[in-house]
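**Student:** Below: one structure in structure tokens.
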Amino acid sequence: MKEQSDQGNTPLVTTLETAKGWWAKVPVITRMLIFSSIAIYLISLLIPFNFYMENIPIYTIHHFQFWRIFTAPIANMTFISLFFGLLVYVPPAADREREKGSVLFALDFFYVNLQIQIVFTVFCFLIGLIFPSLLSLQSSNLWPLFMASLVKTCLQAPDQRIPILCLPIVIRARFYPIGLTK
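Oh and the sequence shown: position 98 is 98 in my numbering, straight run, nothing missing.
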């Protein structure tokens, strides 16, 4: 009898149960971000329209393609950018959405993304007057939003100690964003 009950608890079953439990706790806006990012990436494998979703200043400004400012977070050109973008952004985003509520989280997501993309576009445009190649830089994925939320979190509790990614190194929160960029 004991052998039968142990067979049901294989590492794969335990992992699947853990994943199901986690997925049940993911709020609605975060789920929409996951689904839309994956769907856009998969569709772009067949029809290469992902290029039209990235914020590329030369197209945003000179061709009046202003939707790029809004669609940039869900545009992923490679599987690696999709995977790691979702891996680092989704867990803290789900926590923030549970804390704030879905409506406030969606408004915050929209507002922060709008700020990031406008600053990026204006910066590239102004510097592009001197170095025209900068007008072709791309902004996409959830990384800019992750970094913005990380900076905001670290500024709220600067003396908190945070581990650097998966490493056993712990630093103060005020230095964490700088440590990730180096």
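A virtual CB, placed ideally from N, CA and C, is assigned to each residue, including glycine.
(1) With Pro57 as the anchor, note down where its alpha helix (DSSP H) starts and where it stops.
(2) Taking the beta strand (DSSP E) that Val26 belongs to, which residues open and close that run?
(3) Just to confirm the assignment: which complete alpha helix (DSSP H) runs, minimum length 4, are found wholly within the region 89 to 135?
(4) List the DSSP bridge partners of Pro162.
(5) Determine, using beta carbons only, whether Thr30 comes closer than 8 Å to chain B.
(6) With DSSP as the reference, identify every bridge partner of Ser139, one or two as the case may be.
(7) Measuring only the C-alpha atoms, how far is Phe51 from Tyr41?
(8) Going by beta-carbon coordinates alone, are Val122 and Leu145 separated by less than 8 Å?
(9) Determine the burial state of Ile243: buried for a count of at least 16 other Cβ atoms within 10 Å of its Cβ, exposed for fewer.
(10) Closest to Phe70 by CA distance: which of Ile47, Glu97, Val90 and Phe110 is it?
(11) Would you call Met1 buried or exposed, if buried means 16 or more other Cβ atoms sit within 10 Å of its Cβ?
(12) Exposed or buried, Glu17, counting other C-beta atoms within 10 Å across all chains shown (16 or more means buried)?
(13) Would you kindly work out how many angstroms separate the C-alpha atoms of Leu45 and Leu134, rounded to a whole number?
(14) Between the alpha carbons of Arg172 and Pro73, how many angstroms are there, rounded?
**Tutor:** Reading off the structure:
(1) By one-based count along the sequence shown, residue 57 stands at place 57. First-last of the alpha helix (DSSP H) with Pro57: Pro57 to His62.
(2) Along the sequence shown, one-based indexing puts residue 26 at 26. Note, Val26: premise wrong, no beta strand (DSSP E); not H, not E.
(3) For secondary structure counted as the alpha helix (DSSP H) over 4 or more consecutive residues, the region 89 to 135 holds these complete runs in sequence order: 102 to 128.
(4) By 1-based counting over the sequence shown, the position of residue 162 is 162. Here the sequence assigns Ile to residue 162, which means Pro is not the residue at that position. In the DSSP secondary-structure assignment, Ile162 is bridged to Ile171.
(5) The structure shown has no chain B; it contains just one protein chain.
(6) One-based indexing of the sequence shown puts residue 139 at position 139. DSSP lists Asn55 as partners of Ser139.
(7) Here the question's residue 51 lines up with position 51 in the sequence shown. Here the question's residue 41 lines up with position 41 in the sequence shown. Their backbone Cα atoms lie some 11 Å apart in a straight line.
(8) On the sequence shown, residue 122 is found 122 positions in, with the first residue counted as 1. On the sequence shown, residue 145 is found 145 positions in, with the first residue counted as 1. Note that the C-beta distance between Val122 and Leu145 is not below 8 Å.
(9) Residue 243 falls outside the range modelled here, since the chain spans only 1 to 182, and no answer is possible.
(10) By 1-based counting over the sequence shown, the position of residue 70 is 70. Nearest C-alpha to Phe70: Phe110.
(11) To locate residue 1, count along the sequence shown from 1; it is residue 1. Interpretation of Met1 is limited by its pLDDT of 45, a score under 50 that renders its predicted location unreliable; no figure is taken from the coordinates.
(12) Position 17 of the sequence shown holds residue 17. Around the beta carbon of Glu17, a 10 Å sphere encloses fewer than 16 other beta carbons of the protein chains shown; the residue is thus reported as exposed.
(13) The residue you call residue 45 lines up with position 45 of the sequence shown. The residue you call residue 134 lines up with position 134 of the sequence shown. In a straight line, the C-alpha of Leu45 is about 27 Å away from that of Leu134.
(14) Locating residue 172 in the sequence shown gives position 172, where the first residue counts as 1. Locating residue 73 in the sequence shown gives position 73, where the first residue counts as 1. If you take the alpha carbons of Arg172 and Pro73, they lie about 28 Å apart.
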